[in-house]
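Q: Counting from 47, one number per residue, gives the positions in the sequence shown under my numbering.
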Amino acid sequence: MHRYRSHNCGEPSEALVDKNIRLSGWCHRIRDHGGVLFIDLRDHYGLTQCVVDPDSAAFPQAEKLRSEWVARIDGVVRRRPSGTENADMSTGQVEIYVNDIEVLGRAD
47 MHRYRSHNCG EPSEALVDKN IRLSGWCHRI RDHGGVLFID LRDHYGLTQC
97 VVDPDSAAFP QAEKLRSEWV ARIDGVVRRR PSGTENADMS TGQVEIYVND
147 IEVLGRAD
């Protein structure tokens with residue numbers, strides 16, 4: 047696998063469900079929903095929602111992320127739960143369950 051990405055942020059789709067992928071991009075938006083973190087990762091090609099569960103080994107690193115930091119995210123593509131799909135996004139049928147995060151650059 048390439049050091050920075052196996053796919054770009056506009057590529058994750060239902061065809062990749064249950065596959066491990068690596069994405070790199072800017073942390074466009076970070077949301078905390080009761081302990082579960084949602085990271086919208088952005089690159090030149092699109093935007094992908096990444097999910098970090100509090101039980102994930104990546105959670106401590108995810109808590110440190112800030113808007114516009116550049117990160118590499120490894121995870122598994124999953125279908126979004128019914129009713130949470132986003133038809134406005136090309137990647138809106140899936141999300142990435144994060145296994146590992148590496149900060150590549152901070153926007154201080």
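From the three backbone atoms N, C-alpha and C, an ideal C-beta is built for every residue, glycine too.
I need the straight-line Cα distance from E109 to G71, nearest angstrom please.
A: Those two C-alpha atoms are separated by around 17 Å.
Q: For the candidate residues T137, P106, C73 and G56, whose alpha-carbon lies nearest to that of V82?
A: Of T137, P106, C73 and G56, the residue nearest in Cα terms is P106.
Q: Helix, strand or coil, according to DSSP, for A117 in the structure here?
A: In this structure, A117 counts as strand in the three-state DSSP scheme.
Q: Starting from Q107 and walking both ways along the alpha helix (DSSP H), at which residues does that stretch end?
A: Here the alpha helix (DSSP H) through Q107 covers F105 to K110.
Q: Mapping the DSSP letters down to three states, classify G141 as helix, strand or coil.
A: In the sequence under discussion, the amino acid at residue 141 is Glu, which differs from the Gly named in the question. Strand.
Q: Terminal residues of the continuous beta strand (DSSP E) containing T130?
A: Here T130 belongs to no beta strand (DSSP E), and DSSP marks it neither H nor E.
Q: If I'm right that V98 touches V144 with Cβ under 8 Å, what's the distance once you round it to whole angstroms?
A: The pair is a contact, with the Cβ atoms about 5 Å apart (cut-off 8 Å).
Q: Over what stretch of residues does the beta strand (DSSP E) that includes N54 continue unbroken?
A: N54 -> no beta strand (DSSP E), and no H or E assigned at all.
Q: Using a Cβ-Cβ cutoff of less than 8 Å, which residues in the same chain neighbour G56 once the five nearest sequence positions on both sides are dropped?
A: Same-chain partners within the cutoff: D89, Y91, G92, L93, T94, S136 and T137.
Q: Under 8 Å between the Cβ atoms of V157 and R124?
A: Because the chain in this structure spans residues 47 to 154, residue 157 falls outside the shown range and cannot be described.
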